[in-house]
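See structure below.
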Amino acid sequence: MRKLFNITSVFLLSLFCLAVSAQDNNFYPGKIWNDADGKPINAHGGGILYDKGIYYWFGEIKNGKTIRVEEDKSWENYRVNAGGISCYSSKDLVHWKNEGVALAPSTDSTSELYFGKVIERPKVIYNAKTKQYVMWMHIDSKNYGYARAGVAVSKAPAGPYTYLGAVRPNDAMSRDMTVFKDTDGKAYLVCTSENNLTIHVNLLSDDYLKPTAIFTRILIGQNREAPAIVKHHNKYFLITSLCSGWDPNAARYAVADSMLGNWVVMGNPCTGEDSATTFHSQSAYIIAAAGKDKYIFMADRWQKTDLPDSRYIWLPLEFEGDKMVVKWEDKWHL
Ligand code: DGJ
Numbered sequence: 035m036r037k038l039f040n041i042t043s044v045f046l047l048s049l050f051c052l053a054v055s056a057q058d059n060n061f062y063p064g065k066i067w068n069d070a071d072g073k074p075i076n077a078h079g080g081g082i083l084y085d086k087g088i089y090y091w092f093g094e095i096k097n098g099k100t101i102r103v104e105e106d107k108s109w110e111n112y113r114v115n116a117g118g119i120s121c122y123s124s125k126d127l128v129h130w131k132n133e134g135v136a137l138a139p140s141t142d143s144t145s146e147l148y149f150g151k152v153i154e155r156p157k158v159i160y161n162a163k164t165k166q167y168v169m170w171m172h173i174d175s176k177n178y179g180y181a182r183a184g185v186a187v188s189k190a191p192a193g194p195y196t197y198l199g200a201v202r203p204n205d206a207m208s209r210d211m212t213v214f215k216d217t218d219g220k221a222y223l224v225c226t227s228e229n230n231l232t233i234h235v236n237l238l239s240d241d242y243l244k245p246t247a248i249f250t251r252i253l254i255g256q257n258r259e260a261p262a263i264v265k266h267h268n269k270y271f272l273i274t275s276l277c278s279g280w281d282p283n284a285a286r287y288a289v290a291d292s293m294l295g296n297w298v299v300m301g302n303p304c305t306g307e308d309s310a311t312t313f314h315s316q317s318a319y320i321i322a323a324a325g326k327d328k329y330i331f332m333a334d335r336w337q338k339t340d341l342p343d344s345r346y347i348w349l350p351l352e353f354e355g356d357k358m359v360v361k362w363e364d365k366w367h368l
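Take any residue in the sequence shown, note its place counting from 1, add 34, and you have its number in our numbering.
Structure representation (structure tokens):
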């Protein structure tokens, strides 16, 4: 009887090992990426929170028909109704479970979260003092004239989040944005301001809910958007794109010794074929893989006439001294 039990256990263990080794742990940039339910991940312009061994991916839910914006013909643009913010969870950054809608849009046309307006680029950080998860995002009107940063909170990482409202940090416009939580616990809202001409780095209040009066103007007059930040060996690296709507352009990065300090503009971190279009994509976030000293460049390949079909471009981001390098890979793993 014991022998039979042993044989069965060995058999089951082998089956388990086979299943684990057969699991595909690769990233396939630009290919359809399904969640655990077999549905394409819907989390655009996203950001990652790492919390207690789990990664949470927050992004824009894009559903339905994409339409050409008629009001502003000078700025060729396409839009889709705001579907709110999604949340997915993963232990390995490859396999993702849909955690549902973290922040729902509103059907009230007077609300800043009205589905007919713009809710983009959500980023979540944890505040250890208030024990709250804080989500910042780009809130805008249909024609992008409202230009504000919105904030929402939750007691649980996946939400649901309670929306608190939107602001113009230090009375300045805020469109594409990211938040960065430093190792000393200070957090910054980094946004494209001054009608997309200049980036502002705003120190947030201790509870991360408001921009303080401490801010700095960087990359002045350089027309950068889609900011993404990482700290590597005590230096801060910021990747941005140029402004060309949903169309891709060349990324550029800058380096600084402190978030509010002097940012030195460097070149394009992308190398090789298609580096001039950031491999047909636009920066969203830089993931620091927990405990690995490895980084992932996270970007969106916008499909402007069918925005829900926009794909994700995740590529290895490496450092050669102060030089940041992103190379194309069809298939890769951490
Ligand atoms: C580029 C921005 O980076 C996107 O997030 C989005 O706002 C589009 N512009 C809209 O044209």
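Glycine residues also receive a C-beta, built at the ideal position from the N, C-alpha and C atoms.
Inset, instruction - Tell me where the beta strand (DSSP E) around Asn236 begins and ends. - result: Position 202 of the sequence shown, counted from the start, is the residue given in the question as residue 236. Under the DSSP assignment, Asn236 falls in the beta strand (DSSP E) whose first and last residues are 232-238.
Inset, instruction - Tell me, please, whether the segment 275-291 touches the segment 300-316 by the rule of three or more beta-carbon pairs shorter than 8 Å. - result: Output reads yes: the segment 300-316 touches the segment 275-291.
Legend entry - Nearest to Met211 (by Cα), restricted to the options Val359, Leu272, Tyr112, Gly306: In the sequence shown, the residue the question calls residue 211 occupies position 177. When C-alpha distances from Met211 are compared across Val359, Leu272, Tyr112, Gly306, the shortest belongs to Leu272.
Inset, instruction - Could you pull out every residue in the same chain whose Cβ sits closer than 7 Å to the Cβ of Arg335, ignoring the five residues on either side in sequence? - result: Translated into the one-based positions of the sequence shown, residue 335 becomes position 301. Taking C-beta separations shorter than 7 Å and ignoring five residues to either side along the sequence, the partners of Arg335 in its chain run Gly64, His314, Ser315, Ser344, Arg345, Ile347, following chain order.
Legend entry - Check whether Met293 and Tyr222 have beta carbons under 9 Å apart: Locating residue 293 in the sequence shown gives position 259, counting from the first residue. Locating residue 222 in the sequence shown gives position 188, counting from the first residue. Closer than 9 Å, so yes.
Inset, instruction - Kindly confirm or deny that the segment 121-128 and the segment 349-361 touch, where touching means at least three C-beta pairs closer than 8 Å. - result: Short answer: they don't touch.
Inset, instruction - Please list the segments of the beta strand (DSSP E) lying wholly inside the segment 50-104, counting only runs of 3 or more residues, in order along the chain. - result: Entirely contained in the segment 50-104, the beta strand (DSSP E) runs reaching 3 residues are, in chain order, 78-85, 88-96.
Inset, instruction - Output the boundary residues of the beta strand (DSSP E) element that contains Val152. - result: Here residue 152 refers to the residue found at position 118 when the sequence shown is read from its first residue. Note, Val152: beta strand (DSSP E), 152-161.
Legend entry - Of the residues Asp327, Val213, Gly117, Tyr329, the one placed nearest Ala183, counting alpha carbons only: Numbered from its first residue, the sequence shown carries residue 183 at position 149. Cα-wise, what sits closest to Ala183 is Val213.
Inset, instruction - Could you tell me whether the segment 184-193 touches the segment 284-291, where touching means 3 or more Cβ pairs closer than 8 Å? - result: Contact between the segment 184-193 and the segment 284-291 is absent, with fewer than three C-beta pairs closer than 8 Å.
Inset, instruction - Could you check the C-alpha separation between Asn68 and Lys328 for me, to the nearest Å? - result: Here residue 68 is taken as the residue at index 34 of the sequence shown, counted from 1. Here residue 328 is taken as the residue at index 294 of the sequence shown, counted from 1. If you draw a straight line from the Cα of Asn68 to the Cα of Lys328, it is about 24 Å long.
Inset, instruction - Would you mind sorting Pro74 into buried or exposed? The rule is 16 or more other CB atoms within 10 Å of its CB. - result: Within the sequence shown, the letter at position 40 stands for residue 74. Answer is exposed; the Cβ neighbour count stays below 16.
Legend entry - Contact test: Ser120 Cβ vs the ligand DGJ heavy atom, cutoff 8 Å: Within the sequence shown, residue 120 is the residue found at index 86, counting from 1. Because no heavy atom of the ligand DGJ lies under 8 Å away, the Cβ of Ser120 does not count as near it: no.
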